[in-house]
Amino acid sequence: MKINQPRNWKKLSALLLLGFASGLPQPLTADTMQAWLKDAHVDLGKIGLFSLVALPYTLKFLWAPFMDRFVPPFLGRRRGWLLVTQILLVFSISAFAFIDPSRSLAVFGFFALLTAFISASQDIVTDAYRTDILKPNELGEGAASSVTGYRFAMIGAGAVSLVIADKLGSWHLVYFLMAVWMIAGIAATIFADEPESVSAPLSLREAVVNPFKEIALRRGGWFAIGFIILFKLPDVIAAAMTTPFMLDIGISKTEIGTIRQGLGLLITIVGTIVGGAITSKIGLKRALWVFGLLQAVSNLGFLILAKTGNVFLATVSVIGVENFCTGLVTAGFVAFLMSQCSPKFSATQYALLTSVMALTRVFGGAPTGYLVEHTGWGAFFILSIFAGIPGMLLIPFLKFREENILEA
1095 MKINQPRNWK
1105 KLSALLLLGF
1115 ASGLPQPLTA
1125 DTMQAWLKDA
1135 HVDLGKIGLF
1145 SLVALPYTLK
1155 FLWAPFMDRF
1165 VPPFLGRRRG
1175 WLLVTQILLV
1185 FSISAFAFID
1195 PSRSLAVFGF
1205 FALLTAFISA
1215 SQDIVTDAYR
1225 TDILKPNELG
1235 EGAASSVTGY
1245 RFAMIGAGAV
1255 SLVIADKLGS
1265 WHLVYFLMAV
1275 WMIAGIAATI
1285 FADEPESVSA
1295 PLSLREAVVN
1305 PFKEIALRRG
1315 GWFAIGFIIL
1325 FKLPDVIAAA
1335 MTTPFMLDIG
1345 ISKTEIGTIR
1355 QGLGLLITIV
1365 GTIVGGAITS
1375 KIGLKRALWV
1385 FGLLQAVSNL
1395 GFLILAKTGN
1405 VFLATVSVIG
1415 VENFCTGLVT
1425 AGFVAFLMSQ
1435 CSPKFSATQY
1445 ALLTSVMALT
1455 RVFGGAPTGY
1465 LVEHTGWGAF
1475 FILSIFAGIP
1485 GMLLIPFLKF
1495 REENILEA
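According to the numbering used here, the stretch in the sequence shown is residues 1095 to 1502, in order.
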């Protein structure tokens, strides 16, 4: 029988703010930065090259063992590294307030790459802190709290920053303001509780080798890796072609921005919160069944739109349902990733598992355009629904670490 424990609001609030601090730098080195570079009349070829600054987010598992192995002399292994990376981010983001990309593009690029590296490092330790601090019955709501903070930061550093730049005409002021917002994360780090003490790896070699070895030799470890690769396929396949599909059926760019990027993002946040509550209520394994089914079935809406075309109410409903289900899946999936990490190696293992997950986004979305060309929209979305079956078939074989198991 599952016993509901009272919520730890201090812990959930800290995770909300840490999620916010984690999400804030990413648009600043991606879409928001591209807008600034375009305003600065940097040529498109060079703007395209700036997408390479995102590499640290993909490769962060390479230096995650360092953050597992070494313990700062203050605030403990997790909060110590959080404070270091957050203070560095305040300075690196503030630096943009004094750089003109039209005159010093190389310097601008250096700080973009530096900010992305520090941000990826903050992500490593944020994920590890969340994994270590949450008890089994808190994984769902803890994941939801962190992801919600992250998504609000994406709105702030993305949409809000563009509005500020448009109204005030100063990108330097925008980036300085974003640096000030990072103080929320610093405050959360200082006042948050430190996870229960777990001995760090005794050597860097142990920190590098053992996390991979522990996953590979664990009972059900390879099923978990297969599940991570396959589970979100319906969402990945559909999302890769959603914007071209909406344009193809006559939805305007303004409507796409308003419905998908505005209303859709807010509904995703609601779905994430609901998903966290459901996961805590019914248990992780049952939640994965429910969310996986809803994720696949929600793509039926696109099949309906392929038949009806641009009917406003239908479009809003389909995007709303799809985004809500995406939020549900995100909450459950993040909780699952945390349940697969050992506290001793949580920084390295979580970074590794998210890198595995990235393979799905890259290779799952790559062939989708050719599929549409050969099958048409209707068959494509039917395929995206059935793509959910392989991942769900692995759920019965998933094993959870004993201390993190969630059973209803």
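Note that beta-carbon positions come from the ideal geometry of N, C-alpha and C, so glycine has one too.
Being a predicted model, the structure only gives us computed values, none of them experimental.
Check this for me: beta carbons of residue i and residue j, under 8 Å apart or not?
| i | j | result |
| --- | --- | --- |
| residue 1213 | residue 1273 | no |
| residue 1416 | residue 1386 | no |
| residue 1323 | residue 1454 | yes |
| residue 1115 | residue 1236 | no |
| residue 1126 | residue 1251 | yes |
| residue 1359 | residue 1429 | no |
| residue 1426 | residue 1245 | no |
| residue 1148 | residue 1129 | no |
| residue 1106 | residue 1239 | yes |
| residue 1227 | residue 1289 | yes |
Taking residue i as the reference, give the member of the options with the closest Cα.
| i | options | result |
| --- | --- | --- |
| residue 1163 | 1388, 1218, 1383 | 1218 |
| residue 1437 | 1489, 1328, 1229 | 1229 |
| residue 1344 | 1384, 1434, 1406, 1369 | 1406 |
| residue 1451 | 1337, 1320, 1414, 1363 | 1320 |
| residue 1414 | 1127, 1311, 1389 | 1389 |
| residue 1328 | 1172, 1156, 1393, 1236 | 1393 |
| residue 1301 | 1215, 1379, 1361, 1439 | 1439 |
| residue 1422 | 1202, 1367, 1145 | 1367 |
| residue 1314 | 1170, 1488, 1267 | 1488 |
| residue 1222 | 1469, 1448, 1145 | 1448 |
| residue 1445 | 1136, 1140, 1157, 1242 | 1157 |
| residue 1108 | 1145, 1247, 1224, 1473 | 1224 |
| residue 1309 | 1196, 1431, 1372, 1203 | 1431 |
| residue 1144 | 1122, 1110, 1271 | 1122 |
| residue 1483 | 1457, 1400, 1325 | 1325 |
| residue 1399 | 1369, 1341, 1373 | 1341 |
| residue 1141 | 1257, 1479, 1457, 1196 | 1196 |
In whole angstroms, what is the alpha-carbon distance linking residue i and residue j?
| i | j | result |
| --- | --- | --- |
| residue 1120 | residue 1275 | 14 Å |
| residue 1409 | residue 1134 | 36 Å |
| residue 1194 | residue 1205 | 12 Å |
| residue 1152 | residue 1182 | 20 Å |
| residue 1155 | residue 1175 | 16 Å |
| residue 1173 | residue 1442 | 16 Å |
| residue 1477 | residue 1376 | 29 Å |
| residue 1311 | residue 1435 | 13 Å |
| residue 1384 | residue 1233 | 17 Å |
| residue 1267 | residue 1284 | 27 Å |
| residue 1350 | residue 1167 | 49 Å |
| residue 1103 | residue 1169 | 21 Å |
| residue 1352 | residue 1304 | 47 Å |
| residue 1136 | residue 1262 | 21 Å |
| residue 1253 | residue 1150 | 23 Å |
| residue 1269 | residue 1247 | 14 Å |
| residue 1255 | residue 1307 | 43 Å |
| residue 1210 | residue 1138 | 21 Å |
| residue 1411 | residue 1371 | 23 Å |
| residue 1500 | residue 1402 | With a pLDDT of 40 at residue 1500, under the threshold of 50, the modelled position of that residue is not reliable, and the figure given next carries that caveat. Looking at the two C-alpha atoms, the distance is approximately 42 Å. |
| residue 1485 | residue 1382 | 10 Å |
| residue 1297 | residue 1433 | 25 Å |
| residue 1481 | residue 1457 | 14 Å |
Ordered along the chain, which non-local residues of its own chain (more than five positions away) have a Cβ less than 6 Å from that of residue i?
| i | result |
| --- | --- |
| residue 1208 | 1186 |
| residue 1357 | none |
| residue 1419 | 1388, 1389, 1392 |
| residue 1361 | 1414, 1417, 1418 |
| residue 1459 | 1330, 1334 |
| residue 1502 | Residue confidence for residue 1502 is low, a pLDDT of 34 falling below 50, so the modelled location carries little weight; the figure read from the coordinates is stated next. Counting only Cβ-Cβ distances below 6 Å, and skipping sequence neighbours, we find 1096, 1376, 1377, 1380. |
| residue 1363 | 1242, 1245 |
| residue 1184 | 1273, 1276 |
| residue 1265 | 1130, 1259 |
| residue 1465 | 1474 |
| residue 1469 | none |
Near residue i, what residues of its chain come up, given a Cβ to Cβ distance below 7 Å and the 5 sequence neighbours on each side ignored?
| i | result |
| --- | --- |
| residue 1404 | 1343, 1344, 1345 |
| residue 1339 | 1396, 1471 |
| residue 1317 | 1488, 1491, 1492 |
| residue 1180 | 1115, 1216, 1276, 1279, 1280, 1283 |
| residue 1201 | 1193 |
| residue 1299 | none |
Near residue i, what residues of its chain come up, given a Cβ to Cβ distance below 8 Å and the 5 sequence neighbours on each side ignored?
| i | result |
| --- | --- |
| residue 1177 | 1166, 1168, 1169, 1280, 1283, 1284 |
| residue 1462 | 1331, 1334, 1335, 1474 |
| residue 1112 | 1176, 1220, 1223, 1224, 1240, 1243, 1279, 1282, 1283, 1286 |
| residue 1191 | 1266, 1267, 1269, 1270, 1273 |
Exercise for the section: Any chance you could list the alpha helix (DSSP H) runs of at least 4 consecutive residues sitting entirely within the region 1170 to 1209, in chain order? Expected result: 1170 to 1189
Practice task
Return the chain-ordered ranges of every beta strand (DSSP E) run that is complete within the region 1109 to 1146 and spans a minimum of 3 residues.
Solution key: none
Exercise for the section: Only counting runs of 4 or more residues, tell me where the alpha helix (DSSP H) segments fall wholly within the region 1278 to 1330, in order along the chain. Expected result: 1298 to 1311, 1315 to 1324
Exercise for the section: Enumerate, from N- to C-terminal direction, the unbroken alpha helix (DSSP H) stretches of 4 or more residues contained entirely within the region 1202 to 1268. Expected result: Unbroken alpha helix (DSSP H) stretches of 4 residues or longer found wholly inside the region 1202 to 1268: 1233 to 1249, 1255 to 1262, given in chain order.
Practice task
Write down every uninterrupted run of the alpha helix (DSSP H) in the region 1366 to 1395 whose length is 4 residues or greater and which is fully enclosed by it, in chain order.
Solution key: Listed in chain order, they are 1378 to 1391.
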